[in-house]
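J.: I am attaching a structure below and will ask some questions about it afterwards.
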Amino acid sequence: MLAQQLVNGILLGATYALFALGFTLMFGVLRVINLVYGFYFTAGAFVALWLTQAGFPLVLALPAAAVGAGAIAVVLDAVLLTRLRRTKADELSSLMVTLGAVLALYAGMAAWLGPDIRRLRPGLVGSGALDLWGLRVTVAQLLILAASGVLVGALLWLVRGTRLGLAIRAMAEKPDAAALMGINTAGLAATVSFISGALAGAGGVLIGLNFNAIHPYMGEQMMLRGFVVVIVGGLGDIFGALLAGLLLGVVEVLTAGYLASGLKEAVGFAILVAVLWTRPAGLFGRTDVRRA
Amino acid sequence: MAAWLGDLYWTYQNVVVALGVNGLLALSMYVVLAAGQLSLGQAAFMGLGAYSSALMTLTLGWPFWIVLPASCVAPVAFALAVGGPTLRLSGVYLAIATIGLGEVLRAVYLNVDALGGALGLSGIPEQASPGVIFAVLAAALAVLWLVGRSGTGRAMEALREDATAAQAMGIDVGRVRLAVLVASAVLAGLAGALSAHATDFIGPNDFGFEPAVTILSFALLGGIGSPFGPVLGAWVLTLLPEVFRGFADLRLVLDGLVIVLAVLFLPRGLLAWRMPRKAA
Amino acid sequence: MLRRRIALAAAVLAMLAVPAHAGDPVPVGAVEILSGPNAAYGIAIKAGLDLALEAVNAKGVLGGRPLSLTVEDSGGTKDGAINAVRKLIGRDKVAAIIGPTLSNEMFAAGPVANGRGVPIIGTSTTAKGITDIGPFVFRTSLPEADVIPVTLKKAIARGVKTIALLYANDDAFSKSGFDSMKAAAEAAGLSIVAIDSFGSKDTDFSAQLTKIKSLKPDAVAISALVEPVSGVLLQARQLGFGKETLFIGGNGSNSPKLGQIAGAAADGLIVGSPWFVAKPDKLNTAFVAAFRAKYGKDPDQFAAQAYDTLLILAEAIDRAGDADPTKIRDALLKTDHTGPLGPFRFTDHRDPASTEGVVVLEMRGGAFGIAQ
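In order, the protein sequence lines correspond to chains W, V and Z. With the numbering used here applied, the first sequence has no gaps in its numbers, which climb one by one up to 380 at the end. With the numbering used here applied, the second sequence has no gaps in its numbers, which climb one by one up to 305 at the end. With the numbering used here applied, the third sequence has no gaps in its numbers, which climb one by one up to 530 at the end.
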């Protein structure tokens with residue numbers, strides 16, 4: 089049973105890591121805890137839901153959902169945060185704005201579409217489970233695991249190994265200096281918003297596929313886990329988010345499997361508070377993405 | 026009192042109670058914001074006050090005039106535990122830690138049988154009359170008004186405008202921040218005790234994330250120039266859904282929009298009036 | 159022209175001069191969730207009430223007075239339910255109230271009506287302790303504690319000896335249902351091998367299910383609303399639960415939505431129900447036909463319970479001989495009614511007296527039928 093539980097934990101943790109990637113990138117570069125991020129996640133899942141209902145295959149619906157969520161992210165980011173960035177408002181102002189916005193967006197969406205859970209058309213990916221040496225995993229779970237790994241690698245390459253990454257790191261370090269050196273910081277902020285939003289959207293589709301449950305508040309529920317992952321992993325630390333996501337998943341599953349299932353949700357927050365007390369820069373010690 | 030007037034009052038008594046309780050909650054958010062911090066744990070502090078006071082009444086049988094002040098103990102203890110380590114860090118950490126506090130407490134309420142689990146605690150005697158609630162609100166307003174005009178009030182404002190400069194001026198930043206968080210826990214704890222003793226029943230889902238955000242919208246709508254602003258904001262947002270029936274679906278949309286618009290366009294709030302101060 | 163106007167005025171005056179009682183409507187109220195996440199329940203209940211109101215007002219109560227029904231929205235919140243009850247009693251002066259929808263709302267709003275001496279009748283509140291609120295609080299919904307033993311009897315007849323219990327620990331309905339399951343399983347002599355919980359908005363149940371699977375119970379009983387139950391069943395099949403495990407649902411599973419969401423994964427689940435759409439007796443078939451004619455779809459158990467409850471209330475008002483809340487309360491205690499739910503009486507403690515009407519249903523091919 090322990091082997092299966094560890095597999096359950098890693099697969100669950102992969103969903104948390106996948107969710108948190110764009111969130112931590114956004115903080116690392118734009119210095120904003122953007123709570124609307126959870127809405128991009130919901131939006132991506134709904135775009136894929138509607139496209140697959142209209143008969144499009146998943147290989148088309150997934151990238152379309154990512155692009156759609158990215159576009160929404162660019163627009164919302166511009167509407168909500170441009171003004172604050174111009175006036176150099178503090179982190180708390182942007183936190184409050186995105187908090188209010190995401191609450192209104194979830195509630196508006198629930199009022200418009202109804203709060204019911206929707207399901208993707210069966211048979212998009214093999215819905216049955218595979219039996220690997222006695223361990224049961226589904227195709228969707230393997231997709232998520234692969235996607236998390238690939239996306240972490242791609243993000244690290246983008247930030248460290250490309251000219252865009254150089255500009256992003258410059259902006260994360262000192263936005264004013266970057267602007268003076270001729271980097272178009274407004275355009276770069278939009279690019280980073282797009283990448284984050286697209287990551288959120290893709291995560292929404294894959295996680296919606298895995299749990300087969302799509303509803304307006306799905307981003308809000310993930311967001312609470314997302315806080316834990318990005319704080320424990322270190323705000324802005326991409327690799328840290330992957331490790332922290334997997335850790336959280338395994339700890340939650342082991343708590344539910346061997347201690348008490350009622351404590352499953354609380355254990356993550358207990359870790360969060362403990363990390364804030366002792367190692368506020370994150371469990372893995374690297375202060376943030378500026379050194380990603 | 027004429028019978029129809031009595032009926033009218035009875036009909037809206039719960040709304041009157043909500044005005045008083047929400048006014049106190051808005052003040053509890055105000056004191057934190059006034060010192061440049063953000064806590065999303067106000068609902069959690071309220072829940073601690075509500076649960077601890079309900080237990081004191083139901084199982085210990087203490088009289089209400091002891092229960093009410095004692096209801097501040099648990100919220101203050103948690104404020105110290107969460108606030109102490111996080112206040113050194115930038116404001117976002119306190120905000121996130123207080124969200125975490127709310128979720129951990131919810132799990133505790135749900136899993137401890139003595140706290141009723143999902144069934145909550147019911148049969149709490151209705152000992153908090155609207156008179157008591159508004160007396161507490163008035164006292165809180167008066168204290169905050171006096172503090173706001175004093176040196177402490179100036180220190181809080183300096184902290185809000187520029188923490189580094191405030192420190193350079195000799196203000197003990199950590200201490201003011203912790204004091205402010207404790208004061209806000211007291212106010213929220215009182216609000217919780219009063220509300221528990223006005224409505225018979227409390228449940229674990231009354232003190233989650235969404236109430237915390239609603240409390241923030243009270244304070245931001247009213248503005249933090251003076252303690253009267255947040256109370257006004259709370260009253261407006263409490264009455265609106267009563268005036269427009271069938272509004273439940275859109276209440277949270279409104280609360281959220283209020284926050285967005287207030288931060289972006291009305292940084293001083295609806296009541297953009299700053300209290301007069303004595304010269305230093 | 160002038161003469162006609164005078165005639166009209168005289169007619170109006172004559173109408174106004176009618177003695178205050180004879181044709182006056184008797185005001186009753188209902189508090190249901192008509193907006194927000196749980197609106198589906200309240201809307202079903204309102205449909206049942208509206209249909210029953212037509213039936214009652216075909217002849218009226220107290221010698222021809224119509225019943226006027228005011229339905230207030232609680233939004234599913236405790237404050238919403240309290241405000242609605244206060245409004246109905248203080249402003250609309252209702253003689254009795256039906257609702258609220260959720261047990262938690264009743265725990266908050268019931269004491270208000272009880273304190274004012276106005277009968278309040280829950281049609282969908284199954285939690286333990288509802289009628290302990292006070293002497294004016296009634297319910298027509300069978301508490302889970304009465305339904306579950308019937309379901310477990312069926313399971314034992316199929317050879318179940320060991321059972322695992324799984325429930326949503328964050329809503330009153332599911333928790334209370336679990337408490338009843340546990341008590342009933344112990345009373346029936348079943349051996350409980352595991353007790354696990356989850357949050358009603360969770361989507362991942364793999365840890366709990368893996369643990370339960372390793373203990374190999376004959377049956378798994380789930381107390382939760384229909385959405386999480388569907389999620390549990392879907393994931394259980396993925397983790398390899400097969401036909402050897404009997405799934406048992408609580409009242410939350412008793413919804414056609416289970417088949418729609420979980421599909422084949424729900425096949426074989428059994429659940430006890432106070433009512434079933436295809437129950438063949440005359441009163442029920444007439445009710446179902448009338449409901450289909452008015453709304454173009456099948457009623458669910460919430461609509462059926464609400465329909466019967468308004469009929470029970472109307473009969474009580476007639477027996478009371480007066481629209482006085484205390485007299486109505488006393489008359490309610492003497493209820494002897496037969497409707498779509500079957501024969502109905504209240505116990506002295508104002509709960510439903512009989513479990514005769516309970517049928518055990520089994521999910522087959524995405525729809526419920528009578529369990530064999």
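Where a beta carbon is used, it is the ideal one built from N, C-alpha and C, also for glycine.
Output yes if chain V places a C-beta closer than 9 Å to the C-beta of Asp-208 of chain Z; else output no.
T.: Locating residue 208 of chain Z in the third sequence gives position 50, where the first residue counts as 1. No, no contact with chain V.
J.: What span of residues does the alpha helix (DSSP H) with Leu-212 of chain V cover, start to end?
T.: If you number the second sequence from 1, residue 212 of chain V lands on position 187. Per DSSP, Leu-212 of chain V belongs to the alpha helix (DSSP H) from 198-224.
J.: Give every residue of the same chain whose Cβ lies closer than 6 Å to the Cβ of Asp-354 of chain Z, excluding the five residues on either side of it in the sequence, and list them in chain order.
T.: To locate residue 354 of chain Z, count along the third sequence from 1; it is residue 196. So the list reads Leu-324, Gln-366, once near-sequence residues are dropped.
J.: If we define contact as Cβ-Cβ less than 9 Å, is Arg-171 of chain W a contact residue for chain V?
T.: Reading the first sequence from its first residue, position 83 is the one you call residue 171 of chain W. Chain V, which has a Cβ nearer than 9 Å to the Cβ of Arg-171 of chain W, makes this yes.
J.: Determine the DSSP secondary structure at Phe-253 of chain V, reduced to helix, strand or coil.
T.: As a first step, residue 253 of chain V must be located in the second sequence, where it is residue number 228. Three-state result, Phe-253 of chain V: helix.
J.: Got a sec: which bits of the region 309-322 of chain W sit with their beta carbon under 8 Å from any beta carbon on chain V, in order along the chain?
T.: Leu-312, Phe-315, Val-316, Ile-319
J.: Along chain Z, which residues have their Cβ under 7 Å away from the Cβ of Ile-205 of chain W?
T.: Along the first sequence, one-based indexing puts residue 205 of chain W at 117. By Cβ distance, chain Z contributes Glu-385.
J.: Is there a Cβ from chain V that is less than 9 Å from the Cβ of Gly-524 of chain Z?
T.: Sequence index remark: in the third sequence, residue 524 of chain Z carries index 366 (1-based). Answer no: the Cβ-Cβ gap between Gly-524 of chain Z and chain V never drops below 9 Å.
J.: 9 Å is my cut-off, CB to CB: does Ile-350 of chain Z come that close to chain V?
T.: In the third sequence, counting from the first residue as 1, residue 350 of chain Z sits at position 192. With 9 Å as the cut-off, Ile-350 of chain Z does not count as an interface residue toward chain V.
J.: Does the beta carbon of Arg-293 of chain V come closer than 9 Å to any beta carbon on chain W?
T.: In the second sequence, residue 293 of chain V corresponds to position 268, counting from 1. Closer than 9 Å: no.
J.: Tell me whether the beta-carbon of Gly-125 of chain V lies closer than 9 Å to the beta-carbon of Asp-231 of chain V.
T.: Counting from 1 along the second sequence, the entry for residue 125 of chain V is found at position 100. Counting from 1 along the second sequence, the entry for residue 231 of chain V is found at position 206. Gly-125 of chain V places its beta carbon 9 Å or farther from that of Asp-231 of chain V.
J.: Are there 16 or more other CB atoms within 10 angstroms of the CB of Lys-374 of chain Z, so buried, or fewer, so exposed?
T.: On the third sequence, position 216 is the one that residue 374 of chain Z refers to. Counting Cβ neighbours within 10 Å, Lys-374 of chain Z comes out exposed, since fewer than 16 surround it.
J.: Considering only the alpha carbon of each residue, which of W:Ile-283, W:Pro-210, W:Gly-328 lies closest to Asn-298 of chain W?
T.: Against the first sequence, residue 298 of chain W aligns to sequence position 210. When each option's Cα is compared against that of Asn-298 of chain W, the closest is W:Pro-210.
J.: What residues are listed by DSSP as bridge partners for Met-521 of chain Z?
T.: Numbered from its first residue, the third sequence carries residue 521 of chain Z at position 363. The partner list for Met-521 of chain Z (beta bridge, DSSP) reads Z:Phe-526.
J.: With H, G and I counted as helix, E and B as strand and the rest as coil, what does DSSP make of Arg-297 of chain Z?
T.: The residue labelled residue 297 of chain Z in the question sits at position 139 within the third sequence. Reduced to three states, the DSSP call for Arg-297 of chain Z is strand.
J.: Thinking C-beta only, is Arg-508 of chain Z closer than 9 Å to Phe-296 of chain Z?
T.: Counting from one through the third sequence, the residue named residue 296 of chain Z turns up at place 138. Counting from one through the third sequence, the residue named residue 508 of chain Z turns up at place 350. Yes, these two residues count as a Cβ contact at 9 Å.
J.: Should Gly-285 of chain W be labelled buried (16 or more other beta-carbon atoms within 10 Å of its own) or exposed?
T.: Residue mapping note: residue 285 of chain W aligns to position 197 of the first sequence, counting from 1. With 16 or more other Cβ atoms within 10 Å, it is buried.
J.: On the three-pair Cβ rule with 8 Å, is the region 265-273 of chain Z touching the region 231-247 of chain Z?
T.: Contact holds: three or more Cβ-Cβ distances are below 8 Å.
J.: Determine which residues of the region 44-65 of chain V have a Cβ less than 8 Å from any Cβ of chain Z, and write them out in chain order.
T.: none
J.: Would Phe-372 of chain W and Gly-324 of chain W qualify as a contact pair, given that the criterion is a beta-carbon distance under 9 Å?
T.: Numbered from 1 along the first sequence, position 284 holds the residue referred to as residue 372 of chain W. Numbered from 1 along the first sequence, position 236 holds the residue referred to as residue 324 of chain W. No; because the gap between Cβ atoms is not below 9 Å, this pair is not in contact.
J.: For Asn-196 of chain Z and Gly-199 of chain V, I'd like the C-alpha separation in whole angstroms.
T.: Residue mapping note: residue 196 of chain Z aligns to position 38 of the third sequence, counting from 1. Residue mapping note: residue 199 of chain V aligns to position 174 of the second sequence, counting from 1. Distance between the alpha carbons of Asn-196 of chain Z and Gly-199 of chain V is about 45 Å.
J.: Taking Cβ-Cβ distances shorter than 9 Å, what residues in chain W pair up with Gly-398 of chain Z?
T.: Translated into positions along the third sequence, residue 398 of chain Z becomes position 240. Ala-217, Asp-219, Arg-224, listed in chain order.
J.: The region 118-135 of chain W: which residues have C-beta closer than 7 Å to a C-beta of chain A, in chain order?
T.: No chain A is part of this structure, whose protein chains are labelled W, V and Z.
J.: For a contact meaning CB atoms closer than 9 Å, what does Phe-107 of chain W contact in chain Z?
T.: For the purposes of this step, residue 107 of chain W is taken as the residue at position 19 of the first sequence. Going along chain Z, no residue has its Cβ under 9 Å from Phe-107 of chain W, so there is no contact; the nearest lies around 12 Å.
J.: On the CB-based measure, 16 or more other CB atoms within 10 Å of its CB, does Arg-450 of chain Z come out buried or exposed?
T.: Taking the third sequence and counting its residues from 1, one reaches residue 450 of chain Z at position 292. Burial call: exposed.
J.: Considering just the uninterrupted stretch of the beta strand (DSSP E) at Val-184 of chain Z, what are its terminal residues?
T.: Working through the third sequence from its first residue, we reach residue 184 of chain Z at position 26. Per DSSP, Val-184 of chain Z belongs to the beta strand (DSSP E) from 184-190.
J.: Identify, in the order they occur along the chain, each residue of the same chain with its Cβ nearer than 7 Å to the Cβ of Ile-240 of chain V, setting aside the five sequence neighbours on each side.
T.: As a position in the second sequence, residue 240 of chain V is number 215, starting the count at 1. Closer than 7 Å at Cβ, skipping near neighbours: Leu-50, Ala-51, Met-54, Gln-67, Ala-68.
J.: Please state whether DSSP places Thr-111 of chain V in a helix, a strand or coil.
T.: For the purposes of this step, residue 111 of chain V is taken as residue 86 along the second sequence, with counting starting at 1. Helix at Thr-111 of chain V.
J.: Could you name the residues of chain Z that Leu-100 of chain W contacts, counting a contact when the two beta carbons are closer than 9 Å?
T.: What you label residue 100 of chain W is simply residue 12 of the first sequence in a count that begins at 1. Neighbours of Leu-100 of chain W on chain Z, chain order: Asp-362, Ser-364, Ala-365.
J.: Using a Cβ-Cβ cutoff of 7 Å, what residues of the region 286-300 of chain W are near chain Z? List them in chain order.
T.: Phe-299, Asn-300
J.: Which complete alpha helix (DSSP H) runs does the region 213-300 of chain Z hold, if anything under 4 residues is left out?
T.: 236-248, 261-274
J.: Quick check: the region 331-338 of chain Z against the region 283-293 of chain Z, are there 3 or more CB pairs under 8 Å?
T.: yes
J.: Below 8 Å on the Cβ atoms is my guess for Pro-432 of chain Z versus Leu-499 of chain Z; work out the distance and round it to an integer in Å.
T.: Indexing the third sequence from 1 puts residue 432 of chain Z at position 274. Indexing the third sequence from 1 puts residue 499 of chain Z at position 341. Indeed, because the Cβ distance is near 6 Å, the residues count as touching under 8 Å.
J.: Thinking C-alpha only, which one of V:Gly-258, V:Val-256, V:Ser-251, V:Gly-247 is nearest Val-172 of chain V?
T.: Counting from one through the second sequence, the residue named residue 172 of chain V turns up at place 147. Per the Cα distances, V:Ser-251.
J.: At a CB-CB cut-off below 7 Å, which residues of chain W make contact with Ala-120 of chain V?
T.: Locating residue 120 of chain V in the second sequence gives position 95, counting from the first residue. Within 7 Å Cβ-Cβ: Leu-183.
J.: Following the continuous beta strand (DSSP E) through Ala-326 of chain Z, name the residue where it begins and the one where it ends.
T.: Position 168 of the third sequence, counted from the start, is the residue given in the question as residue 326 of chain Z. From DSSP, the beta strand (DSSP E) with Ala-326 of chain Z extends over 320-326.
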